[in-house]
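One structure below.
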Amino acid sequence: MRAGLDRVEFGRRVGYAAQSVASFEQGRWIPQPVFVDKADEVTGAGGLLVALKEELARSQYPAFFRDAARLGTRAVALCVYGLYAVPGLLQTPEYARAGFQQERPLLDDDFIEQGVSARLARQEIYDRRPAPLLSFIVDEAVLRRPIGGRSTLYGQLERMLHLGEKRNVEVQVMPLDREDHAAIGGPFTLIGTAQGQRIAYAEVQGDSRLYTGRAAVRELEARYGIIRSQALTPRESSEFIEKLLGEK
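Counting in the numbering used here, the sequence shown tops out at residue 251, every number present.
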């Protein structure tokens, strides 16, 4: 208003349709960082909008996940165990969208697209320098569950192979035929910060908890270390995923 722009003209200057601008204004969609930068410049906000980008980015995520998402973006090391679905940092847009579409109660289409966008935004971690160390252990059942259909699953498997080729990324598969399994209690994530702090995050049925106490974190670290040794090695895991792709 101060800049004397209506939605149509403002949208034209920042490269967005008036309908998208309306969705941002009304809180139905969360704008991407590039939009915020352009909006600040076009409206002459003097950095006020840019200063709120980090808080805006946090609002993309469900309330129960915001603290974990913030810590994850700054982590120097992440260890992720996926038991029910492919971890979000490995997901393709199609796989992520299919997961949101299967939520019950049903989610609105705008909410689904916002969720997909937020999940993919977290994958900017792969472009960070210095590169963080990323370890993933995924249960074999997850890799056989065709969420979104066979085509979506195969695209997801190919994505995991591609990411596993990065020098700072390890992807391991926990086979179904293992008699020993140290972490059947559920998925969790270990977060290592640049300050040397170790944090654990666990989530189930829309509820979550961050563990910062030494005893609780050490217990989950021990479990992760054990399942890391029980799972296939990264090379064996790549060969296993390639075999699954060959079963088309």
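From the three backbone atoms N, C-alpha and C, an ideal C-beta is built for every residue, glycine too. Computed from a prediction, not measured in an experiment: that's the story for all the values here.
Residue i: which of the options sits nearest, CA to CA?
i, options, result
"R162", "P36, V79, R31 and A99", "A99"
"P96", "V174, Q22, A124 and E44", "A124"
"I244", "L213, V207, G167 and R226", "G167"
"G152", "A101, G249 and L164", "A101"
"P133", "A78, P237 and A54", "A78"
"L92", "Q105, S120, A197 and F114", "S120"
"P36", "A203, L55, T196 and Q198", "L55"
"A203", "L193, G209, D210 and S211", "L193"
"Q94", "S241, R170 and R122", "R122"
"T76", "A197, K246, E250 and A234", "A197"
"Y214", "G7, L74 and V11", "L74"
"D130", "I140, R170 and D111", "R170"
"D111", "W32, L247, V145 and R181", "W32"
"G85", "I128, I230 and V11", "I230"
"G195", "R181, H184, D183 and R221", "R221"
Please classify residue i as buried or exposed, where buried requires at least 16 other C-beta atoms within 10 Å of its C-beta.
i, result
"F67", "Any reading at F67 is ruled out, since the residue's pLDDT is 45, under 50, leaving its predicted position unreliable."
"Y87", "exposed"
"Q117", "buried"
"F13", "buried"
"P135", "buried"
"A20", "exposed"
"M177", "buried"
"S154", "exposed"
"Q200", "exposed"
"G216", "exposed"
"S1", "Lying outside 4 to 251, the shown extent of the chain, residue 1 is not represented and no answer is given."
"D210", "exposed"
"L223", "buried"
"A234", "buried"
"A186", "buried"
"P34", "buried"
With DSSP run on the structure shown, which of helix, strand or coil describes residue i?
i, result
"G85", "strand"
"L223", "helix"
"T3", "Past the edges of the chain, shown from 4 to 251, lies residue 3, and the structure says nothing about it."
"Y157", "helix"
"E250", "coil"
"D113", "helix"
"M4", "coil"
"E173", "strand"
"D9", "coil"
Counting only the same chain and skipping the five closest in sequence on each side, list residues whose C-beta sits under 7 Å from that of residue i.
i, result
"V207", "G189"
"E143", "V176, M177, P178 and L179"
"I115", "R100, F103 and Q104"
"G47", "A6"
"A80", "P135, L136 and G195"
Closer than 8 Å by C-beta to residue i: which residues in its own chain qualify, once you throw out the five before and the five after it? Chain order, please.
i, result
"F38", "V17, Y19 and F27"
"V53", "V39, D40 and D43"
"L160", "L146, I244, L247 and L248"
"V23", "Contrary to the premise, residue 23 reads as Ser rather than Val in this sequence. Once the five neighbours on either side are set aside, the close Cβ partners of S23 are G14 and W32."
Can you find the residues in the same chain that come closer than 6 Å, C-beta to C-beta, to residue i, ignoring five residues on each side of it along the sequence?
i, result
"C82", "S138, L193 and Y227"
"T236", "none"
Check whether chain B comes within 8 Å of residue i, counting only Cβ atoms and requiring the distance to be less than that.
i, result
"F38", "Absent from the structure is chain B; it holds one protein chain and no more."
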